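Take a look at the structure below.
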Amino acid sequence: TVVDIDQLNPDAACDNAIRVVFRDFDDTHPDFERADPGWGPAQNMVKDTLSADRKPQYNAIRGTCGLIEGSYDPCADMARPPMWGEEVDGIWTASHTFPDWYTDVNGVNIRIEKALILQEQADGTFVFDSSAFFPLRTDEGFGETPAGAGDNYLFTTEIHLTFPYDGGEVFTFSGDDDLWIFVNDQLALDIGGLHNPFTLSIDFDAMASELGITPGHEYAMDIFHAERHTDASNFRIETNISCFESVIIE
Numbered sequence: 001t002v003v004d005i006d007q008l009n010p011d012a013a014c015d016n017a018i019r020v021v022f023r024d025f026d027d028t029h030p031d032f033e034r035a036d037p038g039w040g041p042a043q044n045m046v047k048d049t050l051s052a053d054r055k056p057q058y059n060a061i062r063g064t065c066g067l068i069e070g071s072y073d074p075c076a077d078m079a080r081p082p083m084w085g086e087e088v089d090g091i092w093t094a095s096h097t098f099p100d101w102y103t104d105v106n107g108v109n110i111r112i113e114k115a116l117i118l119q120e121q122a123d124g125t126f127v128f129d130s131s132a133f134f135p136l137r138t139d140e141g142f143g144e145t146p147a148g149a150g151d152n153y154l155f156t157t158e159i160h161l162t163f164p165y166d167g168g169e170v171f172t173f174s175g176d177d178d179l180w181i182f183v184n185d186q187l188a189l190d191i192g193g194l195h196n197p198f199t200l201s202i203d204f205d206a207m208a209s210e211l212g213i214t215p216g217h218e219y220a221m222d223i224f225h226a227e228r229h230t231d232a233s234n235f236r237i238e239t240n241i242s243c244f245e246s247v248i249i250e
């Protein structure tokens, strides 16, 4: 369920509601509704750590494809070999366009705050699942984009959380398009590019050393997603973390 911020309980310090900053775009932005389909899933498109203002940092115009187990190798399907450093026909347009995704830019994007409600399951996990993930209505932001699409595509999702790590936690994401999750300022889940729904999980115990986390402490989780192309939008979270505290970062 996606709800407006005013529907949340302002006194809830720890719950299954995740506050989100969506930024709506239209197809005039070169990274959205690109003429080429892009490739993905690809990794290493962003740097391994966040910037000082807790935003993902551009790393490569193409990223590295074929690294995710079970995925196709989009490099093999290219009409010509990759040309590193070339600022066209890549996964996105250029280093200077990427900061628009998660920064308020007048005339480029429109910021809208909402919340995702994770539903508790019989097995004790919490799930948000949508195969038609259009959190922004056609009367919000830039409206129906692209024209004739029927829904409001072309948006980004920015989430900042803290959560207690007690041991045994798992966080699974499935969806399209780009998705990066940072835990304790370290890149923990990396599914970049335009692609069909794909699933990866963060096993916090298995990655504890890599992420620098220890049971009994609270850590930051920063989630960045983009819906950049018609004609599908999928977004699924499943986790056994029952307590999130949302942080809104401008």
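For the sequence shown, our numbering begins at 1 and goes up steadily by one. Backbone N, C-alpha and C fix where the C-beta goes; we use that ideal spot for every residue, glycine too. Since this is a predicted model, take the numbers as computed values, not measurements.
- prompt: Could one say the Cβ of F134 lies closer than 7 Å to chain D's Cβ atoms, at least one of them?
  reply: Within the model displayed, chain D is absent; a lone protein chain is all it includes.
- request: List the DSSP bridge partners of Q119.
  value: V127
field: Residue from I202, I248, E140 and G212 with nearest C-alpha to I241
entry: I202
- request: Report, in whole angstroms, the separation of the C-beta atoms of H160 and R54, which I expect to be a contact under 8 Å.
  value: 6 Å
query: Pairing CB atoms from the region 185-193 with CB atoms from the region 109-119, are three or more of them under 8 Å?
result: no
field: Inter-stretch contact (C-beta, 8 Å, three-pair minimum) for the region 165-176 and the region 15-30
entry: no
task: Whole angstroms is fine: what's the gap from D139's alpha carbon to R23's?
output: 14 Å
task: Quick one: grab the DSSP three-state call for A52.
output: coil
- request: Output the distance between the C-alpha atoms of E238 and S246, rounded to the nearest integer angstrom.
  value: 17 Å
- prompt: If you run the structure through DSSP and keep just helix, strand and coil, what is L211?
  reply: helix
- request: Please check the pair E33 and T230, which I expect to be a contact at CB under 8 Å, by giving their CB distance rounded to whole angstroms.
  value: 7 Å
message: Please return the same chain residues whose Cβ sits closer than 8 Å to the Cβ of F142, not counting the five positions on each side in sequence.
response: Short of 8 Å from the beta carbon of F142, and not among the five residues preceding or following it, lie these beta carbons of its own chain, in chain order: D24, F25, D26, I110, N152 and L154.
Inter-residue CB distance, F163 and M207 (contact presumed, cutoff 8 Å): Not quite, the Cβ-Cβ distance comes to about 14 Å (not below 8 Å), so this is no contact.
- prompt: Would you report the Cα separation of M78 and T97, rounded to the nearest angstrom?
  reply: Note that M78 scores a pLDDT of 48, beneath 50, so its modelled location is shaky; the value from the coordinates is reported in the next line. M78 and T97: Cα-Cα distance of roughly 23 Å.
field: Residue nearest to D185 in terms of C-alpha spacing, selected from L50, F204, P135 and Q43
entry: L50
task: Can you tell me which of the three DSSP states I5 falls into?
output: helix
- request: Return the residue from the list E210, I223, A94 and V21 that minimises the CA-CA distance to N59.
  value: A94
task: Quick one: measure Cβ to Cβ for D177 and W92, integer angstroms, because I've assumed they're closer than 8 Å.
output: About 11 Å; that fails the 8 Å criterion.
- request: Starting from L194, follow its DSSP beta bridges and name the residues at the other end.
  value: Beta-bridge pairing links L194 to no other residue.
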